[in-house]
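Numbering follows numbering that gives the first Met the number 0, in which position 101 of the sequence shown is assigned residue number 100; successive positions increment by one, without gaps.
Note that CB positions come from ideal geometry on N, CA and C, so glycine has one too.
Everything numeric in this text was worked out from a predicted model, so none of it was measured.
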Amino acid sequence: MRCVLSLMLFWLSLANADSVKLLNDSPYELTAIVQGANGMEIGQQTMQPGEQAEWVDDKPLQLDVPYDASVSLTPYTVVWKCPYQGIFSICINVSPGSQVAATTCPGMHYCIPKPKKENAGASSYNDCK
């Protein structure tokens, strides 16, 4: 009987956890940042091109203010951030259980490449003049 009760409590805890399915369908490595409706960052994950993941909010939330509608975490905002600089796209009003693909969110859909460092020991053409 204890085993059945433990199993039921486990499944109930999973049912109470909010989740968002993330899909990096871009050609860039991106970091998906999940924000609550109050603007607080509540999770992030770096994803390779074509990678899928599921962000799950299964941790108890510790707020320094009494709970009311002004501190609600849903709907979420998912920010797709480029590895070097800039924002690839942003999806707002994301419901728990939704799937969010990087290219379906509004944004510039482009990442600025990181500048290549010049070799400090190599001389350039201008040094030879």
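Residue range of the unbroken beta strand (DSSP E) whose run includes N92:
Here residue 92 is taken as the residue at index 93 of the sequence shown, counted from 1. Element bounds for N92: 86-93.
Same chain, Cβ closer than 6 Å to G42, neighbours up to 5 away in sequence not counted:
The count along the sequence shown starts at 1 and reaches residue 42 at position 43. So the list reads V33, W54, once near-sequence residues are dropped.
Check this for me: beta carbons of C90 and V99, under 7 Å apart or not?
As a working note, residue 90 is residue 91 in the sequence shown. As a working note, residue 99 is residue 100 in the sequence shown. Yes, these two residues count as a Cβ contact at 7 Å.
Report the rounded CA-to-CA distance for S97 versus E117, giving the unit in angstroms.
The residue given as residue 97 occupies position 98 in the sequence shown. The residue given as residue 117 occupies position 118 in the sequence shown. Straight-line Cα distance between these residues: approximately 44 Å.
Report the option in Y75, P26, I86 whose CA atom is closest to the CA atom of P95.
Counting from one through the sequence shown, the residue named residue 95 turns up at place 96. Answer by Cα proximity: Y75.
L21 to A52, Cα distance in whole Å?
On the sequence shown, residue 21 is found 22 positions in, with the first residue counted as 1. On the sequence shown, residue 52 is found 53 positions in, with the first residue counted as 1. Their backbone Cα atoms lie some 5 Å apart in a straight line.
Spatial neighbours of V93 within its chain, please: C-beta separation below 7 Å, excluding the five flanking residues on both sides.
In the sequence shown, counting from the first residue as 1, residue 93 sits at position 94. V19, P74, Y75, T76, V77, V99, listed in sequence order.
For S25, count the other beta carbons within 10 Å of its own beta carbon; 16 or more makes it buried, fewer makes it exposed. Which is it?
Taking the sequence shown and counting its residues from 1, the one referred to as residue 25 is at position 26. That one is buried.
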